[in-house]
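Heads up, my numbering is the position in the sequence shown plus 1337, with the first residue counted as 1.
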Amino acid sequence: MDNQDNINTITKLIGTDINNYTITKYISSGSFGDVFEAKNKRTGELVALKIPIKNDERDGQKSLIEEAAIYKKIMSRENGIAEMKIIKDNENDRKIIVMDLLGPSLESLLEKHKKIAMKTIVLLAVTMIDIIKHVHNHGYIHRDIKPDNFAIGYKDLNKLYCIDFGLSKRYLTKNNEHIPLVNTRKFVGTARYSSIASHRQKEQSRKDDLESIAYILVYLYKGRLPWMGIKHKDKKEKYRLIGEKKESTKEEDLCSGMSKEFVVFLKYVKNLDFNEKPHYSALKKMFMNLYKSRNYKNNNMEWYKE
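This is the structure we're talking about:
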């Protein structure tokens, strides 16, 4: 299915019913499915529906079911993972994810505000570390950490959620042993925010999710990253060039104009061993101390009172 076909399919779905839900608008496209806002015809509750993408390159239905299985194990509103359930769309013989409707993504908020205050960046650092710790504690790594995959609450604009586990993977075996380091993995994730190890086609682990968080924080504050202008007609070569730029960019240069804590954070996660457990509490404490040292008035993010 090409892009135009997908747009036509999305447009046709608006206003249609799936079981007890009426699709009201398109939200976004995830790793293996399109996400829509929908209304429960009985209760009037607004929810998000994730409908599998079907094309020659990927089996969206299979991937969506696998993603739902991960959600079931880690979902916790308190810990920044939306609640979900699977329903069967009898008319189209497919399964669909029904989940909490969330607010805009961090990418959308940056596009709207153009710049995000340092106060909010520090709060995001603390919250993201907490959320990814929760995911890791359940034996999973996300592998596609990016601003599009973090969203604030639909009503609670001060609450952050991590979404789209379509590329996630267990880093622990059934015996709770860490998976081995493999050096011949294909690239997984989003090149702009992926770790240096992923560019080297190495197996990812907990450290890689945290490295991606570091790049997100810089991007949200500065509005760009040094490798964003890199172009090449060959995707593999483009990814290789982006990886080279990441490796050659010093942490101090990447985080110029930001507090030293961001340099410390990036250096720390880049130097972690493949199977080493990150010291989440120390990282969180470092950013909380930074927050206190700046005498910020409250714990509200800058878009909280919009």
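Virtual Cβ for every residue (Gly too), placed ideally from N, Cα, C. Note that the coordinates shown come from a computational prediction; the quantities given were computed from them, not determined experimentally.
C-beta atoms of residue i and residue j nearer than 9 Å
| i | j | result |
| --- | --- | --- |
| Ile1360 | Glu1374 | yes |
| Ile1489 | Met1638 | yes |
| Leu1447 | Gly1560 | yes |
| Leu1504 | His1473 | no |
| Ile1466 | Phe1624 | yes |
| Val1384 | Lys1378 | no |
| Leu1497 | Thr1527 | no |
| Arg1529 | Trp1564 | yes |
| Val1606 | Leu1547 | yes |
| Ile1355 | Ile1458 | no |
| Ile1388 | Val1372 | yes |
| Asp1485 | Leu1443 | yes |
| Leu1509 | Ile1433 | no |
| Leu1494 | Gly1566 | no |
Host alpha helix (DSSP H) of residue i (start-end)
| i | result |
| --- | --- |
| Ala1406 | Gly1397 to Ile1411 |
| Leu1620 | Tyr1617 to Ser1630 |
| Lys1604 | Lys1597 to Lys1607 |
| Ala1488 | Per DSSP, Ala1488 belongs to no alpha helix (DSSP H); it is in the beta strand (DSSP E), Phe1487 to Gly1490. |
| Leu1578 | Lys1572 to Ser1585 |
Strand pairing of residue i, partner residues [DSSP]
| i | result |
| --- | --- |
| Tyr1358 | Ile1355 and Asn1377 |
| Val1555 | None; Val1555 has no bridge partner. |
| Ile1418 | Ser1413 |
| Lys1387 | Val1372 and Ile1434 |
| Ser1535 | Ser1535 is not bridged to any residue. |
| His1515 | Leu1509 |
| Asp1426 | Arg1431 |
Limits of the beta strand (DSSP E) - the one that residue i falls within
| i | result |
| --- | --- |
| Leu1439 | Leu1439 to Ser1442 |
| Leu1509 | Unbroken run through Leu1509: none, as it is neither H nor E. |
| Leu1497 | Leu1497 to Cys1499 |
Within 8 Å, do at least three Cβ pairs link the stretch 1535 to 1552 to the stretch 1597 to 1612? yes
Check whether the stretch 1416 to 1430 and the stretch 1518 to 1535 touch, using three or more Cβ-Cβ pairs below 8 Å as the test. no
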